[in-house]
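This report refers to the structure that appears directly beneath it.
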Amino acid sequence: MSKESIKYSLTSNFDSYNNLKFYFDFLDSGLNENYIFATGENLSWTGALNNPSPASGFEDCRAVVLGAYGTSELSASGEVSLSINESGFNLNESNLMINTENLSLSDCSVLIDFEFIDEISSGVLFGSLEKEELELPDLSYITGSKGYNVGITDRGHLFLHGFSKNGDFVEVFCQQELSKRNIISFSSSPTSINISFLDFFKNESINYTKDVEGFYISSPDYIYIGGSKNTFKEVNETNTTFNGYLKSIYILNKGLGHEKLFDLQSEFLSNYEFESGSSEFIEKPYFSGEFITYMTGITGYECIVSSGQRQIGRTISSHEYLPTGVLNIQEGGLAEILINGELIEVGVLSDSDSGSYNPTGQGAYDTLGLQNYSVDISGYEDNLYFSGESGYYPIYTCNPLTGELTEISGIEQVYGTTGFYIYEPNSSGVTLELNSEKFKKDYIYYNGERL
Amino acid sequence: MSFKCNYLLSTGNSSIIDCRSILKDKNKKSTVVKGESFVSSDISTGHFSLSLSLNGFTLFEEYPKKSVVNGMDFFYINSGDFYMLKDEYNKNSIYLSESIQDGSEIVYDQKDIDSGSIAIQENTGVGVWENLTIPELTGQIYGSQPLDAEDFFDRWNVFFNKKKVNVEDSLEIDQMTGISFAYKKGINLTEIKTNDFDIYGTGVLPNQSELYIDGLKKERKTFIEMNTGIVMIKVGIESKKEIQEDIKTTFSL
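Here the protein sequences line up with chains A and B, keeping their order. Per our numbering, residue 4 is the first one in the first sequence, and the count goes up by one each step. Per our numbering, residue 5 is the first one in the second sequence, and the count goes up by one each step.
Structure (structure tokens):
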């Protein structure tokens, strides 16, 4: 229950706040503190309640707390505060008087949430009935009326008290038993008054209709909560008659159906929730390319130096050419001969047979011909002498290096993410979280033996 | 006069919205004609969804068996008191196993779907009820088994010869033969056994209570649920009031 839920309900049902003329929610401690004031002057002050926003009849429909008198503004306001506790406004202590300027009782709706205190006795919850008798010249009387009363009988049933062309009527709605806490609605139209019991367990309202011409229920100057100018018991509007708490009251300047009033009251009682809008990104994949995977293996070796002494071979210390005997070399053939201490490979010509060529002369120029002569020469061999020396030489430890090879092992298709935003607007609503305990019944009366 | 009064009170929980989910349609009536009675399809969701009583006696539903004779379907039951059929127009009909007078009224309540359990007590003697019949009843229960006899009566409505019985009635039932059956109770239920007709301060959901007196179910019109602040009978109030008949005509101010 909050001002926000009331605003939400009014705008969602009527597009504006204009239909709510008066309301007061005594369970809203913030309202109690901010809207209590006193009216009067000098040493005579009376407590009052301002009509809170968003009610449109702000100035017209202030409520005067009839029992809250004081010699100062502060004391009168304090009296009002004393009548209010966590259960609501105690109608045992004071009645409320609401100005009905710009409010037509023959075309309006009222929602009242109330709670009994202890034993139930008859009383007026909503009092607006006024009657006036005029004496005609022939000494007969005529009676006129305004408004109507809604109250509770000693038996705990709702009643409607009014006046019509047949005179006073008191209609008691015996079908509906009441709980400790009850919420009722009533609305008037030009032809009838509808009273409804709002059953929050069954999520419906139970409606009773009394046919009354609007002619007889026009608005008086004031309506009273907790009393009336005209009841079947009391005639003073300042007398408290109702033994209970008023938790909230809403007056709308429009005669609404009972189902609509049930919905409105459900929303008024609810908690308002607001959720900021948001944007949601909707992902959508797209093909962005390929990812190639290469085979892995040994790509090389890394050798590192390790310490140590090792004999790795022999070194040539000296050599000499040793004769190997006579070699018969065909003229023109190759042979190694010792020249100036070095073995040199040369072509061999026979010294003894030199000058014997065929052809000769011009023919020798034409063709260099060699005859089948041979000559003996001395042969040598290179005899190497090695020394077996040792020392520090680097010793290497080699490990294989792994990495990608050039061969392809696979190709993966790669998708990127793109997408778009969906924008959610702000949202709001109401949730009914009404405690059920006081709406339950707690007395079972057996008729069987008494019928 | 000695009597046993049993109130079954649905208490719900603290949230009015949560309470709505356990509300049942109760105290509906239907007239029996030639052993058949119609029930609202809004209330009966199918087999085993109703608690039915006739003249205060609670009846047991049995799933019907079918036999085909000359191409026609015939339904029948064995130990139960009634069975239900749904026709092609989605109309639910109750068929009673015993023939009763046309025009009799059955009273039915919506309940959680439960086929219940049934047992026949054929012998009498000390301990027969607790040692033979009750175990036979609990043996047919699926799911959460009762821990003992008290738990059984706490969580199940138990009937013997169509009258609601309590765990204290064992000695009396030992001396009887008959048919016993049990139905699971609903959730958030408080049972009050008392010798007073009126009870106070229980916080009950409106129109969900049941009352059994001496095991017989009473119609809702026999009791009223209301606020404890209401005094039903007041004394010391003047019984006459002077009425002045002086209204001649009316006008609007």
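We put the beta carbon where it would ideally sit given N, CA and C, even for glycine. Every value quoted in this text rests on a predicted model; they were computed, and no experiment measured them.
Subject >> Beta bridge counterpart(s) of P139 (chain B) as assigned by DSSP >> reply: One-based indexing of the second sequence puts residue 139 (chain B) at position 135. Looking at the DSSP assignment, P139 (chain B) forms no beta bridge with any residue, so it has no partner.
Original post:
Would T302 (chain A) pass as a contact of T400 (chain A) if the rule is Cβ separation under 8 Å?
Top reply: One-based indexing of the first sequence puts residue 302 (chain A) at position 299. One-based indexing of the first sequence puts residue 400 (chain A) at position 397. In this structure, T302 (chain A) lies away from T400 (chain A), with their beta-carbon atoms at least 8 Å apart.
**OP:** Any chance you could list the beta strand (DSSP E) runs of at least 3 consecutive residues sitting entirely within the region 11-83 of chain A, in chain order?
**Re:** The region 11-83 of chain A is shown to contain whole beta strand (DSSP E) runs of 3 or more residues at 23-28, 39-44, 47-52, 66-73, in chain order.
Subject >> Residues that DSSP places opposite Y225 (chain A) in a beta bridge >> reply: As a position in the first sequence, residue 225 (chain A) is number 222, starting the count at 1. According to DSSP, Y225 (chain A) bridges with A:N102.
Original post:
Between the beta-carbon of A123 (chain B) and the beta-carbon of V162 (chain B), is there less than 8 Å?
Top reply: As a first step, residue 123 (chain B) is located in the second sequence; it is residue number 119 there, counting from the start. As a first step, residue 162 (chain B) is located in the second sequence; it is residue number 158 there, counting from the start. No, they are not a contact pair.
**OP:** Enumerate in chain order the residues of its own chain whose CB-to-CB distance from T299 (chain A) is below 7 Å, with the five nearest sequence positions on each side excluded.
**Re:** Start at 1 with the first residue of the first sequence, and residue 299 (chain A) comes out as number 296. The residues are T405, G406, E407, L408.
Subject >> Backbone secondary structure at L209 (chain B) - three-state DSSP >> reply: Along the second sequence, read from residue 1 onward, the residue named residue 209 (chain B) stands at position 205. In the structure shown, L209 (chain B) adopts coil according to DSSP, grouped into three states.
Original post:
Within this structure, are the beta carbons of F119 (chain A) and G247 (chain A) separated by less than 8 Å?
Top reply: Your numbering for residue 119 (chain A) matches position 116 in the first sequence. Your numbering for residue 247 (chain A) matches position 244 in the first sequence. Less than 8 Å divides the Cβ of F119 (chain A) from the Cβ of G247 (chain A).
**OP:** Check whether the Cβ atoms of K225 (chain B) and E214 (chain B) sit closer than 8 Å, and answer yes or no.
**Re:** Here residue 225 (chain B) refers to the residue found at position 221 when the second sequence is read from its first residue. Here residue 214 (chain B) refers to the residue found at position 210 when the second sequence is read from its first residue. Not closer than 8 Å, so no.
Original post:
Short check: CB of H322 (chain A) to CB of Y383 (chain A), under 8 Å?
Top reply: Looking up residue 322 (chain A) in the first sequence gives position 319. Looking up residue 383 (chain A) in the first sequence gives position 380. When the beta-carbon positions are compared, H322 (chain A) and Y383 (chain A) stay at least 8 Å from each other.
Original post:
With distances taken from CA atoms, which of A:R65, A:N239, A:E44 is nearest Y38 (chain A)?
Top reply: As a position in the first sequence, residue 38 (chain A) is number 35, starting the count at 1. A check of alpha carbon separations from Y38 (chain A) across A:R65, A:N239, A:E44 identifies A:R65 as the nearest.
Original post:
By DSSP, does Y219 (chain A) sit in helix, in strand, or in coil?
Top reply: As a position in the first sequence, residue 219 (chain A) is number 216, starting the count at 1. Reduced to three states, the DSSP call for Y219 (chain A) is helix.
Original post:
Should V378 (chain A) go down as buried or exposed, given a rule of 16 or more other Cβ atoms within 10 Å for buried?
Top reply: For the purposes of this step, residue 378 (chain A) is taken as residue 375 along the first sequence, with counting starting at 1. Classification for V378 (chain A): buried.
**OP:** State the DSSP-derived secondary structure class of R184 (chain A), mapped to helix, strand or coil.
**Re:** As a working mapping, residue 184 (chain A) is identified with position 181 in the first sequence. Looking at R184 (chain A) - three-state DSSP - the assignment turns out to be strand.
**OP:** Mind the definition here: the region 56-64 of chain B touches the region 79-92 of chain B only if three or more C-beta pairs lie below 8 Å; say whether that holds.
**Re:** Look at the beta carbons and you see the region 56-64 of chain B touching the region 79-92 of chain B: at least three pairs across the two are nearer than 8 Å.
Original post:
Who are the near neighbours of N95 (chain A) in its chain, counting only those whose CB is closer than 6 Å to its CB and skipping five residues on each side?
Top reply: Position 92 of the first sequence, counted from the first residue, corresponds to residue 95 (chain A). These residues qualify, in order along the chain: T243, N246.
Original post:
Which residue from A:I186, A:S112, A:G154, A:K6 puts its Cα closest to that of I196 (chain A)?
Top reply: Here residue 196 (chain A) refers to the residue found at position 193 when the first sequence is read from its first residue. Considering only A:I186, A:S112, A:G154, A:K6, the residue with the shortest C-alpha distance to I196 (chain A) is A:S112.
Original post:
How would you call S291 (chain A), buried or exposed, if buried means at least 16 neighbouring beta carbons within 10 angstroms?
Top reply: On the first sequence, position 288 is the one that residue 291 (chain A) refers to. Under this definition S291 (chain A) is an exposed residue.
Original post:
Are the CB atoms of H160 (chain A) and Y151 (chain A) nearer to each other than 8 Å?
Top reply: Indexing the first sequence from 1 puts residue 160 (chain A) at position 157. Indexing the first sequence from 1 puts residue 151 (chain A) at position 148. Not in contact: H160 (chain A) and Y151 (chain A) (Cβ atoms no closer than 8 Å).
Original post:
By the criterion of Cβ-Cβ separation under 8 Å, what are the contact partners of S19 (chain B) in chain A?
Top reply: The residue you call residue 19 (chain B) lines up with position 15 of the second sequence. Within chain A, the residues near S19 (chain B) are E436, L437, N438, S439.
Subject >> Nearest residue (CA-CA) to N192 (chain B), options B:V171, B:F7, B:D22 >> reply: In the second sequence, the residue the question calls residue 192 (chain B) occupies position 188. Of the candidates B:V171, B:F7, B:D22, B:D22 places its Cα closest to the Cα of N192 (chain B).
Subject >> Touch test, the region 426-440 of chain A against the region 265-277 of chain A, Cβ-Cβ under 8 Å, three pairs minimum >> reply: By the Cβ test, the region 426-440 of chain A is in contact with the region 265-277 of chain A, since at least three Cβ pairs between them sit closer than 8 Å.
**OP:** With DSSP as the reference, label K8 (chain B) as helix, strand or coil.
**Re:** One-based indexing of the second sequence puts residue 8 (chain B) at position 4. Coil, per DSSP.
**OP:** Just mark E133 (chain A) as buried or exposed, buried being the case when its beta carbon has 16 or more other beta carbons within 10 Å.
**Re:** As a working note, residue 133 (chain A) is residue 130 in the first sequence. With a 10 Å radius around the Cβ and a threshold of 16 neighbouring Cβ atoms, E133 (chain A) comes out buried.
Original post:
Got a sec: is the Cβ-Cβ distance from I251 (chain B) to anything in chain A below 8 Å?
Top reply: On the second sequence, residue 251 (chain B) is found 247 positions in, with the first residue counted as 1. Annotation note: pLDDT 49 at I251 (chain B) (below 50); position unreliable, no value reported.
**OP:** In angstroms with no decimal places, state the Cα-to-Cα distance between G39 (chain B) and V73 (chain B).
**Re:** Taking the first residue of the second sequence as 1, we reach residue 39 (chain B) at position 35. Taking the first residue of the second sequence as 1, we reach residue 73 (chain B) at position 69. One C-alpha to the other measures close to 21 Å.
**OP:** Compute the Euclidean distance between the alpha carbons of G147 (chain B) and N17 (chain B), then round it to the nearest angstrom.
**Re:** Taking the first residue of the second sequence as position 1, residue 147 (chain B) is located at position 143. Taking the first residue of the second sequence as position 1, residue 17 (chain B) is located at position 13. Each residue's alpha carbon lies about 25 Å from the other.
Subject >> Own chain partners of I251 (chain B) with C-beta closer than 6 Å, once the 5 adjacent residues on each side are dropped >> reply: By one-based count along the second sequence, residue 251 (chain B) stands at place 247. A caution first: I251 (chain B) carries a pLDDT of 49, below 50, which makes its placement in the model too unreliable to give a value.
**OP:** Below 8 Å between beta carbons is the criterion; list the residues of the region 91-103 of chain B that meet it against any residue of chain A, in chain order.
**Re:** Residues passing the 8 Å Cβ filter: none.
Original post:
Taking DSSP as the reference, what is the three-state secondary structure of E440 (chain A)?
Top reply: The residue labelled residue 440 (chain A) in the question sits at position 437 within the first sequence. E440 (chain A) falls in the helix class under three-state DSSP.
Subject >> Identified DSSP bridge partners for L330 (chain A) >> reply: As a working note, residue 330 (chain A) is residue 327 in the first sequence. Checking the DSSP bridge columns, you'll see L330 (chain A) partnered with A:I380.
**OP:** For D118 (chain B), count neighbouring Cβ atoms within 10 angstroms of its own Cβ and tell me buried if that reaches 16, exposed if not.
**Re:** Here residue 118 (chain B) is taken as the residue at index 114 of the second sequence, counted from 1. D118 (chain B) counts as buried, since at least 16 other C-beta atoms from the protein chains shown sit within 10 angstroms of its C-beta.
Original post:
When the Cβ atoms of the region 445-454 of chain A are set against those of the region 227-238 of chain B, are three or more pairs found closer than 8 Å?
Top reply: Result yes; three or more Cβ-Cβ pairs closer than 8 Å.
Original post:
Using a Cβ cut-off of 7 Å, which residues of the region 176-187 of chain A contact any Cβ in chain B, in chain order?
Top reply: Closer than 7 Å at the C-beta level to chain B, one finds these residues of the region 176-187 of chain A: E180, L181, S182, K183.
**OP:** Taking only the alpha-carbon atoms, compute the straight-line gap between F172 (chain A) and G91 (chain A) and give it to the nearest angstrom.
**Re:** For the purposes of this step, residue 172 (chain A) is taken as the residue at position 169 of the first sequence. For the purposes of this step, residue 91 (chain A) is taken as the residue at position 88 of the first sequence. Cα to Cα, the separation comes out at about 31 Å.
Original post:
According to the neighbour-count rule (16 or more other Cβ atoms, all chains shown, within 10 Å of its Cβ), is F79 (chain B) buried or exposed?
Top reply: Taking the first residue of the second sequence as position 1, residue 79 (chain B) is located at position 75. Exposed is the call here.
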